[in-house]
Amino acid sequence: MSVSSNIDDRVLRDEFERAGYTLVRGLFSTAEAERLRDHYMDVRHRGPKGQNFAGHDSPDRDPLKRYPRIAQMHRWDDTSLQWLTDARIDDVLTGLLGRSPYAVQTMLYFKPPGSRGQALHQDNFYLKADPGTCVAAWMALDKVDEANGCLEVVPGSHRWPILCTEKADTTVSFTDVTVPLPSATDAVPVEMEPGDVLFFHGALVHGSNPNVTTDRFRRALIGHYIEGEAERVAHYYHPALRMDGAELTLEVAEGGGACGEWTDTPDGPVALLTGMQTITRKHE
1074 MSVSSNIDDR
1084 VLRDEFERAG
1094 YTLVRGLFST
1104 AEAERLRDHY
1114 MDVRHRGPKG
1124 QNFAGHDSPD
1134 RDPLKRYPRI
1144 AQMHRWDDTS
1154 LQWLTDARID
1164 DVLTGLLGRS
1174 PYAVQTMLYF
1184 KPPGSRGQAL
1194 HQDNFYLKAD
1204 PGTCVAAWMA
1214 LDKVDEANGC
1224 LEVVPGSHRW
1234 PILCTEKADT
1244 TVSFTDVTVP
1254 LPSATDAVPV
1264 EMEPGDVLFF
1274 HGALVHGSNP
1284 NVTTDRFRRA
1294 LIGHYIEGEA
1304 ERVAHYYHPA
1314 LRMDGAELTL
1324 EVAEGGGACG
1334 EWTDTPDGPV
1344 ALLTGMQTIT
1354 RKHE
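According to the numbering used here, the residues represented by the sequence shown are 1074 to 1357, in order.
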């Protein structure tokens, strides 16, 4: 697993370029993570906002109906906006990408005990950032491990194109599409402590399994960013923000388009852009 215990731009960039992700431990303190965790539990207690959504085809007794994920909180919550544009995140992303990014999304996952995971996917399937890609900053607010459904990633998959999707198993995933993996390719778990932040490329295949614990949440705060030279992004992510909080105008990226399908070759399976994605999604 690609892991960093301190901030060294060259090490982080090498890890990110090689594996498609890099983990910065302790980027935020445990106390900061706890304050954010308490803040979002209070937000949830005060009642839903229009941006709350739990995914697709949620069963009546689904825990995610009681704790749906929240999106785009930075548009109405100052705490979320401050985190999204925090200088520490900007510093890491600038080191990874070569320039300061644009911020386009916040999300909070509660993932209570007994809740489903999220099928393997690629973020830029949704964001359509162009040119370049999107990058996620995924911060643990609880201790996350395999039992409570930590994030799982496929190292090196950021070199693949955006893959054609197929139907997911909605008994274990709250989202209804996934991407296929070549044989003998597995996702690996990323265990994290509160305050750790995982940065990963928009084409990196990732997801999570269900939370099989009976008494532990897996709360996570996520920011999505696009490279600073991007000219367009999907409509849902407008307006984009500079890291000083100023809004900027970008073009709207259209959904759908060519997607990768796995083809066997003498050197192993290769994802070729032979498919066409006709399904369009508003957001991740």
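Glycine residues also receive a C-beta, built at the ideal position from the N, C-alpha and C atoms.
Since the model is a prediction, treat every value here as computed from it, not as a measurement.
Checklist line | Beta-carbon proximity check, F1290 vs D1215, cutoff 8 Å | finding: yes
Note to self: In whole angstroms, give me the CA-to-CA distance for R1108 and I1162.
What the structure shows: 18 Å
Notebook entry, point to check: Between A1313 and V1177, which are expected to be in contact by the criterion C-beta below 8 Å, what is the C-beta distance as a whole number of angstroms?
Noted result: 5 Å
Item checked: Neighbourhood of L1154 by C-beta distance below 6 Å, restricted to the same chain and skipping five residues each side -> H1147
Next item on the list: Report the residue from P1253, F1273, D1242 and T1206 whose alpha carbon sits nearest the alpha carbon of M1212.
Entry: F1273
Next item on the list: Check whether the stretch 1184-1203 touches the stretch 1279-1287, counting contact only when three or more Cβ pairs, one atom from each stretch, lie closer than 8 Å.
Entry: yes
Notebook entry, point to check: Contact between the stretch 1161-1175 and the stretch 1246-1264: three or more CB pairs below 8 Å?
Noted result: no
Checklist line | Range of the contiguous beta strand (DSSP E) that encloses M1180 | finding: Y1175 to Y1182
Next item on the list: Decide if E1090 is buried, meaning its Cβ has at least 16 other Cβ atoms within 10 Å, or exposed.
Entry: exposed
Checklist line | For D1150 and G1229, the rounded distance between their alpha carbons | finding: 35 Å
Check: Smallest Cα separation from L1321: which of V1306, H1118 and W1156?
Finding: V1306
Check: Would K1184 be called buried (16 or more neighbouring beta carbons within 10 Å of its own) or exposed?
Finding: buried
Margin query: Let me check understanding here. Comparing Cα to Cα, which of P1339, F1101 and K1355 lies closest to D1159?
Written below: F1101
Notebook entry, point to check: In three-state DSSP terms, what is G1188?
Noted result: Reading off the sequence, residue 1188 comes out as Ser, not Gly. Coil at S1188, not helix or strand.
Notebook entry, point to check: Which class does P1262 belong to by DSSP, given the choice of helix, strand or coil?
Noted result: strand
Checklist line | Whole-angstrom C-beta distance between Y1175 and G1301, which should lie under 8 Å | finding: 6 Å
Next item on the list: Excluding the 5 residues preceding and the 5 following V1076 in the sequence, name in chain order all residues of the same chain whose CB lies nearer than 6 Å to its CB.
Entry: Low per-residue confidence applies at V1076: pLDDT is 42, beneath 50, and the placement is therefore not dependable, though the value from the model is reported in the following sentence. Cβ neighbours of V1076 beyond the five flanking positions: L1096.
Check: Taking all protein chains shown into account, do 16 or more other C-beta atoms lie within 10 angstroms of the C-beta of E1324, making it buried, or fewer, making it exposed?
Finding: exposed
Next item on the list: Check whether the Cβ atoms of L1200 and Y1310 sit closer than 8 Å, and answer yes or no.
Entry: yes
Check: For L1254 versus V1227, is the C-beta distance shorter than 8 Å?
Finding: yes
Margin query: For a test of the three-state rule: what should DSSP assign to S1246, helix, strand or coil?
Written below: strand
Next item on the list: Could you pull the start and end residues of the beta strand (DSSP E) that D1348 belongs to?
Entry: Going by the sequence as given, residue 1348 is Gly instead of Asp. V1343 to Q1350 is the extent of the beta strand (DSSP E) around G1348.
Next item on the list: Please classify G1093: is it buried, with 16 or more other beta-carbons within 10 angstroms of its beta-carbon, or exposed?
Entry: buried
Check: Where do the ends of the alpha helix (DSSP H) carrying W1149 lie?
Finding: That residue, W1149, is in no alpha helix (DSSP H); it is neither H nor E in DSSP.
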